[in-house]
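Residue numbers (my numbering), protein chains in the order written: chain A, 1 to 67; chain B, 68 to 204. Down below is the structure, laid out as structure tokens.
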Amino acid sequence: MDNTVRSRREAAGLSQASLAEALGVSRQTVNSIETGRYDPSLPLAFAIAVHFHTTIEEIFHVDHQES
Amino acid sequence: MLTTKNRRKTIGGAIGGAIGGMAAITAIAWIARARGDVGFANGVIAGGAAMILFIATALAFGRRGPSFLRVAGGFADERERILALGAAAHGALAMVLAACGFAVFWPNGPAIAAAGAVLWSGLLATAASFLIRALRN
Numbered sequence: 001m002d003n004t005v006r007s008r009r010e011a012a013g014l015s016q017a018s019l020a021e022a023l024g025v026s027r028q029t030v031n032s033i034e035t036g037r038y039d040p041s042l043p044l045a046f047a048i049a050v051h052f053h054t055t056i057e058e059i060f061h062v063d064h065q066e067s
Numbered sequence: 068m069l070t071t072k073n074r075r076k077t078i079g080g081a082i083g084g085a086i087g088g089m090a091a092i093t094a095i096a097w098i099a100r101a102r103g104d105v106g107f108a109n110g111v112i113a114g115g116a117a118m119i120l121f122i123a124t125a126l127a128f129g130r131r132g133p134s135f136l137r138v139a140g141g142f143a144d145e146r147e148r149i150l151a152l153g154a155a156a157h158g159a160l161a162m163v164l165a166a167c168g169f170a171v172f173w174p175n176g177p178a179i180a181a182a183g184a185v186l187w188s189g190l191l192a193t194a195a196s197f198l199i200r201a202l203r204n
């Protein structure tokens, strides 16, 4: 699954550590989500969307190459 | 996130666990020493003390530490819980395979060797699985 977490985080001027702190997860988890190695659970995806004042669909997209 | 209430619970659990662990170590070492197994008793004390020290380190520094310390300290997030669950499953599978292998290939072997093979295979498989999957996921 593709996502725009990294670009949104950088646009907000946040480090991975500070985003992780805000979401209540580890910095490694934020890094794994950004690189597409880990797909977050629905509650975490919601938390990310709420943090960036948008919707899940705006952040996470189906990777057509993968499917 | 750790609220004040959760933090109190974590610290309370840690203190209770440490006291329980020390009591268990003392009892096992005392029984082993009374039976004349001095080496085993010393091993229990050394291993138990090392484990309590490791858990204390995980509780003190685990929150911002690497994944395995976060899991050990009870600070794991959803990804780390999945990694830990998978690693535990791999460890259990390795222990079953080690026990079966031992029973088939060395049925009259000493019990202590079988116990060692089972425990070490489980420990190593769990650690290896967690490390590899943490790096890949």
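Where is the CB? At the ideal position from N, CA and C, for every residue including glycine.
Cβ atoms of residue j and residue i: under 9 angstroms apart, would you say?
{"i": "Ser-26 of chain A", "j": "Asp-144 of chain B", "result": "yes"}
{"i": "Gly-115 of chain B", "j": "Gly-84 of chain B", "result": "no"}
Strictly below 9 angstroms CB to CB, what residues from chain A border residue i?
{"i": "Arg-200 of chain B", "result": "Ordered by position in chain A, no residue passes the 9 angstroms Cβ test against Arg-200 of chain B, which lies about 10 angstroms from the chain."}
Answer with buried or exposed for residue i, where buried requires no fewer than 16 other C-beta atoms within 10 angstroms of its C-beta.
{"i": "Pro-40 of chain A", "result": "buried"}
{"i": "His-53 of chain A", "result": "exposed"}
{"i": "Thr-93 of chain B", "result": "exposed"}
{"i": "Gly-129 of chain B", "result": "buried"}
{"i": "Ser-7 of chain A", "result": "exposed"}
{"i": "Asn-109 of chain B", "result": "exposed"}
{"i": "Ile-82 of chain B", "result": "exposed"}
{"i": "Glu-10 of chain A", "result": "exposed"}
To the nearest angstrom, how far is the alpha carbon of residue i from that of residue j?
{"i": "Arg-75 of chain B", "j": "Met-118 of chain B", "result": "22 angstroms"}
{"i": "Arg-131 of chain B", "j": "Phe-172 of chain B", "result": "45 angstroms"}
{"i": "Gln-16 of chain A", "j": "Phe-135 of chain B", "result": "19 angstroms"}
{"i": "Ala-192 of chain B", "j": "Arg-146 of chain B", "result": "19 angstroms"}
{"i": "Leu-160 of chain B", "j": "Leu-152 of chain B", "result": "12 angstroms"}
{"i": "Ile-86 of chain B", "j": "Leu-23 of chain A", "result": "34 angstroms"}
Which of helix, strand or coil does DSSP assign to residue i?
{"i": "Phe-52 of chain A", "result": "coil"}
{"i": "Phe-142 of chain B", "result": "coil"}
{"i": "Asn-3 of chain A", "result": "strand"}
By the criterion of Cβ-Cβ separation under 7 angstroms, what are the contact partners of residue i in chain B?
{"i": "Gln-28 of chain A", "result": "Ser-134"}
{"i": "Leu-44 of chain A", "result": "Glu-145"}
Cβ closer than 8 angstroms: which chain A residues qualify as neighbours of residue i?
{"i": "Asn-204 of chain B", "result": "Ser-32, Arg-37, Tyr-38"}
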